[in-house]
Amino acid sequence: MALEAKACMTAHQKALPRLYDELNSSHATVHGSNDQAIAAGFAMVNMSTEYLSPDRNKGANIDLRPSSHAQPKSAQITVDKLRQLPKRSRPGEVGYDAFAIVVVDCKNDGSAIKVVTGEPAPQAGDIFNYEAMIERLAHIYATRFKDID
């Protein structure tokens, strides 16, 4: 089993092509090595309206400049694109065996990070919900490798 985890914290639309390509390549690599392997994916998407970017504030001591984001639009676009990643229902197909998307509110300024439970976060019963991913992985592992002691 292999888990690829990625985060999209800022510059959502700019980062989206790279994020999608890296995630899409991961399941292909895992299944290219062994079609019976379980490929899992996890993506964390930030929905904060402000983000204190380490790159943007290199060397800044006092005048830290947060970047502003049009939310929930930026997070929604990212979640929608991640939902397009291929998923497979059995070996021999292309895609992730299980994939979860978690949306957070993180300003990266030392304040508390909150898990977003409303839209655009996948809701209970959605295949991209974190709990659904864990349940699916447990089921796949138990059935695919039931003969391993």
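Residue 22 is where the sequence shown starts when you use my numbering, and the numbers rise one by one after that.
Backbone N, C-alpha and C define an ideal beta-carbon position, used for all residues, glycine too.
Residue i - DSSP class collapsed to helix/strand/coil
i, result
"LYS27", "strand"
"VAL100", "helix"
"ASN45", "helix"
"GLU140", "coil"
"GLY146", "coil"
"LYS167", "coil"
"TYR36", "Here the sequence assigns Ala to residue 36, which means Tyr is not the residue at that position. ALA36: helix per DSSP, three-state reduction."
"ILE59", "coil"
"MET22", "coil"
Residue(s) in a DSSP beta bridge with residue i
i, result
"ASP126", "LYS135"
"ALA64", "LYS27 and ILE122"
"GLU71", "SER89"
"TYR117", "LYS108"
Among the options, nearest to residue i - alpha-carbon criterion
i, options, result
"MET65", "ARG104, ASP168, ARG165 and ILE122", "ILE122"
"MET154", "PHE120, ALA49 and THR164", "PHE120"
"GLY113", "VAL137, HIS52, ASP170 and ARG39", "HIS52"
"LEU73", "PHE166, ALA32 and GLN144", "ALA32"
"SER158", "ALA142, GLU25 and ASP118", "Correcting the residue identity first, residue 158 is Leu in this sequence and not Ser. Cα-wise, what sits closest to LEU158 is ASP118."
"PRO107", "VAL115, GLN57 and VAL100", "VAL115"
"GLN144", "VAL100, GLU43, MET22 and ASP56", "VAL100"
"SER46", "GLN57, GLN34 and LEU24", "LEU24"
"GLN34", "ASN67, THR50 and SER54", "ASN67"
Cβ-based neighbour list, residue i, same chain, cut-off 8 Å, excluding 5 preceding and 5 following
i, result
"ASP147", "ALA153"
"ILE134", "VAL125, ASP126 and CYS127"
"ALA140", "The sequence shown places Glu at residue 140, rather than the Ala named in the question. Excluding positions up to five away in sequence, the list reads PRO93 and GLN97."
"ILE161", "ILE59, ASP118 and ALA119"
6 Å Cβ shell around residue i - same chain, five flanking residues per side excluded
i, result
"ALA36", "CYS29"
"ASP130", "LEU73"
"TYR151", "ALA121 and VAL123"
Residues of its chain near residue i, where Cβ-Cβ distance is below 7 Å and the 5 sequence neighbours each way are ignored
i, result
"THR70", "SER89, HIS90 and GLN92"
"LEU103", "ALA64 and ILE122"
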